[in-house]
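My numbering numbers the first residue of the sequence shown as 138 and each following residue consecutively. The beta-carbon is built from N, C-alpha and C at its ideal position, and this holds for glycine as well. Small disclaimer: the values here were computed from a predicted structure and weren't measured. Remarks on the structure that follows.
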Amino acid sequence: MTQQQIVEVTHGESRPLGELAKLIRSKNAGPWMMTIDVMLADAATFEMVVRSGALTADKVGTLLGVNPADIDLYEYSPAHTIKISFPRRLPNGHPDDTDIFGGQQFAPLVNLPIPTSNPQIS
Numbered sequence: 138m139t140q141q142q143i144v145e146v147t148h149g150e151s152r153p154l155g156e157l158a159k160l161i162r163s164k165n166a167g168p169w170m171m172t173i174d175v176m177l178a179d180a181a182t183f184e185m186v187v188r189s190g191a192l193t194a195d196k197v198g199t200l201l202g203v204n205p206a207d208i209d210l211y212e213y214s215p216a217h218t219i220k221i222s223f224p225r226r227l228p229n230g231h232p233d234d235t236d237i238f239g240g241q242q243f244a245p246l247v248n249l250p251i252p253t254s255n256p257q258i259s
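Here it is in structure tokens:
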């Protein structure tokens with residue numbers, strides 16, 4: 138599946154992750170890793186996103202150009218947050234690194250469609 142196909146897929150009604158999230162941010166997690174935090178406003182929205190099955194290592198890997206086997210997804214319900222960690226393409230500070238703080242890496246996830254009706258139960 139390509140990035141464009143992921144964004145075009147709809148499962149009934151859906152909304153972009155960026156509309157559902159209170160905050161989506163990315164940052165360095167040391168010189169070799171990157172992390173993206175998807176912070177949702179409340180428990181109901183968190184559960185809907187988790188149960189939708191829309192945030193998988195395969196989809197995230199496709200959107201970010203990262204091998205899905207290298208992606209770790211963590212669901213932390215007390216904070217209504219999903220953390221996505223993966224290796225940087227280049228170490229932080231490398232002369233060819235175009236995002237030294239890792240602050241722009243979340244962007245491909247903003248338009249990821251999240252089904253809002255009939256989410257699958259995992």
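For the candidate residues the options, whose alpha-carbon lies nearest to that of residue i?
i: Ile161; options: Asp179, Lys220, Pro252; result: Lys220
i: Ala244; options: Val197, Val187, Pro168, Val186; result: Val197
i: Leu166; options: Ile237, Leu246, Tyr213, Thr253; result: Reading off the sequence, residue 166 comes out as Ala, not Leu. For the residues Ile237, Leu246, Tyr213, Thr253, the minimum Cα distance to Ala166 belongs to Ile237.
i: Tyr213; options: Glu184, Glu156, Thr253; result: Glu184
i: Asp209; options: Phe223, Ala216, Met170; result: Phe223
i: Val187; options: Tyr211, Gly239, Lys159; result: Tyr211
i: Lys159; options: Asn204, Leu192, Ala216; result: Ala216
My assumption, with CB atoms under 8 Å, is that residue i sits in contact with residue j. Please give the rounded CB distance.
i: Ser163; j: Ile173; result: 5 Å
In angstroms, rounded to a whole number, what distance separates the CA positions of residue i and residue j?
i: Ala178; j: Leu154; result: 12 Å
i: Thr218; j: Asp234; result: 28 Å
i: Ala206; j: Leu200; result: 14 Å
i: Asn248; j: Gln242; result: 13 Å
i: Ile251; j: Ser151; result: 5 Å
i: Thr182; j: Pro232; result: 40 Å
i: Leu246; j: Arg226; result: 18 Å
i: Trp169; j: Ser254; result: 38 Å
i: Glu156; j: Val175; result: 11 Å
DSSP three-state call for residue i: helix, strand or coil?
i: Ala158; result: strand
i: Arg152; result: strand
i: Pro256; result: Summary for Pro256: the model assigns pLDDT 48, below 50, so the residue's position carries little reliability, and this model does not support an answer.
i: Asp195; result: helix
i: Asp207; result: helix
i: Val186; result: helix
i: Gly239; result: coil
i: Pro228; result: coil
Counting only beta-carbon atoms, is residue i nearer than 8 Å to chain D?
i: Ser163; result: Although the question refers to chain D, the structure presented lacks it and comprises just one protein chain.
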